[in-house]
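One structure below.
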Amino acid sequence: EADGEAPNVITYNSAMAASIKAVEGPAAAEEWLDQIEAAGLVPSVVSFNTALGACASGGPADAAASSAAAERILSRMRASGVVPDLRTCNAVIKSLASSGDSEGAEAWLSLMKQRGPAPDLVTFNTVIDAHATAKNATAAGNCLDAMQESGISPDVISYTSVINACAEEGNAMLADSWLDRMQSAQVKPTAVTYRAAMKAACRARTPRRAARLLEAMLGADLDPGLEAYNMAIHAASRVGDVKMAEELHAALKSRYEADQYTYGALMNVHAHVG
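Structure representation (structure tokens):
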């Protein structure tokens with residue numbers, strides 16, 4: 003405007019993106035949509051997608067506000083005659099997932115499969131992660147199956163999210179099953195994948211399974227990290243297996259420096275057996 007030229011929608015979109023990045027919230031996005039319309043311009047699909055993306059930045063603590071903002075932005079989008087595209091739908095699903103609404107994310111996925119645009123890898127992975135956060139391993143696994151049925155190959159993020167859902171439920175056998183399926187599909191597990199499976203084993207009080215996963219991680223030339231050893235020691239301490247806990251501690255010391263959590267688990271296992 004200082005140069006005598008009125009800003010266009012692209013200019014507003016750039017300013018909106020910068021503002022949202024700094025403020026981190028949907029309120030600024032809605033204000034920019036107001037400014038675009040006040041200037042006599044029609045927000046583009048990019049404008050609305052940017053605004054919807056801001057609704058995913060708040061997290062569960064701002065769930066109600068973010069969901070309400072997303073609904074208002076979608077209503078404005080429809081009223082403006084702008085057709086939602088794949089990025090729009092993914093932004094809405096991410097917003098729902100971030101607010102802890104796994105059922106809403108699944109509903110949007112179903113709507114996309116029925117009416118389009120067709121969901122992509124990002125869409126499915128976001129919904130799987132939403133189910134994992136909701137501690138629903140069955141729904142997460144079903145979503146991965148639906149992804150394959152749609153002709154999309156799950157990646158390491160897809161499988162790791164399902165295994166993490168199993169960990170949240172404490173279902174070690176199911177986590178192992180998904181890890182086997184992942185490897186059969188020639189998708190290479192990462193250290194994060196193995197630690198998720200170890201978490202399931204620890205919650206299921208199966209320390210030998212946790213130790214086996216730790217060995218598999220080492221065999222795959224992955225760095226387990228101190229966290230993995232601590233999880234295995236903690237699993238041993240929960241069932242009073244002093245020998246395993248001490249062996250794991252010895253192995254840990256050859257790679258890392260034990261921390262407060264390590265010594266806490268060791269103290270617990272010795273206290274457990276008196």
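With the first letter of the sequence shown counted as 1, position 241 gets the number 243 in our numbering; the numbers rise by one all the way through. Even glycine gets a Cβ: it sits at the ideal position worked out from N, Cα and C. Note that this is a predicted model, so its numbers are computed, not measured.
* To do: Following the continuous alpha helix (DSSP H) through residue 214, name the residue where it begins and the one where it ends.
  => 209-221
(Q) In whole angstroms, give me the CA-to-CA distance for residue 49 and residue 117. (A) Looking at the backbone, the Cα of residue 49 and that of residue 117 are separated by about 22 Å.
(Q) Using the Cβ count rule (16 or more neighbours within 10 Å means buried), how would you classify residue 166? (A) buried
Please report how far the alpha carbon of residue 142 lies from the alpha carbon of residue 92, in whole angstroms. 17 Å
Q) Roughly how many angstroms separate the alpha carbons of residue 44 and residue 76, rounded to a whole number? A) 14 Å
Return yes when the Cβ of residue 129 is within less than 7 Å of the Cβ of residue 84, no when it is not.
-> Annotated as distal: residue 84 and residue 129, with beta-carbon spacing of 7 Å or more.
CA-to-CA distance, residue 30 to residue 169, given in whole angstroms
37 Å
Between which two residues does the alpha helix (DSSP H) carrying residue 255 extend? That run of the alpha helix (DSSP H) goes 244-255.
- Task: With DSSP collapsed to three states, give me the class of residue 28.
- Result: helix
Host alpha helix (DSSP H) of residue 95 (start-end): 88-100
Would residue 271 and residue 247 be called neighbours here (beta carbons separated by less than 7 Å)?
Yes.
Closer than 6 Å by C-beta to residue 124: which residues in its own chain qualify, once you throw out the five before and the five after it? Chain order, please. 92
To the nearest angstrom, report how far apart residue 261 and residue 14 are at their CA atoms.
50 Å
Buried versus exposed call for residue 70 [16 or more other C-beta atoms within 10 Å across all chains shown]: Residue burial is scored here from C-beta neighbours: residue 70 has fewer than 16 other C-beta atoms within 10 angstroms and is therefore classed as exposed.
Could you give the DSSP three-state label for residue 201: helix, strand or coil?
helix
Quiz item: To the nearest angstrom, how far is it from the Cα of residue 194 to the Cα of residue 41?
Solution: 49 Å
Q) How should residue 265 be labelled, buried or exposed, when 16 other C-beta atoms within 10 angstroms of its C-beta is the threshold for buried? A) Exposed: under 16 other Cβ atoms inside 10 Å.
Q: Give the secondary structure of residue 231 by DSSP, where H, G and I count as helix, E and B as strand, and everything else as coil.
A: helix
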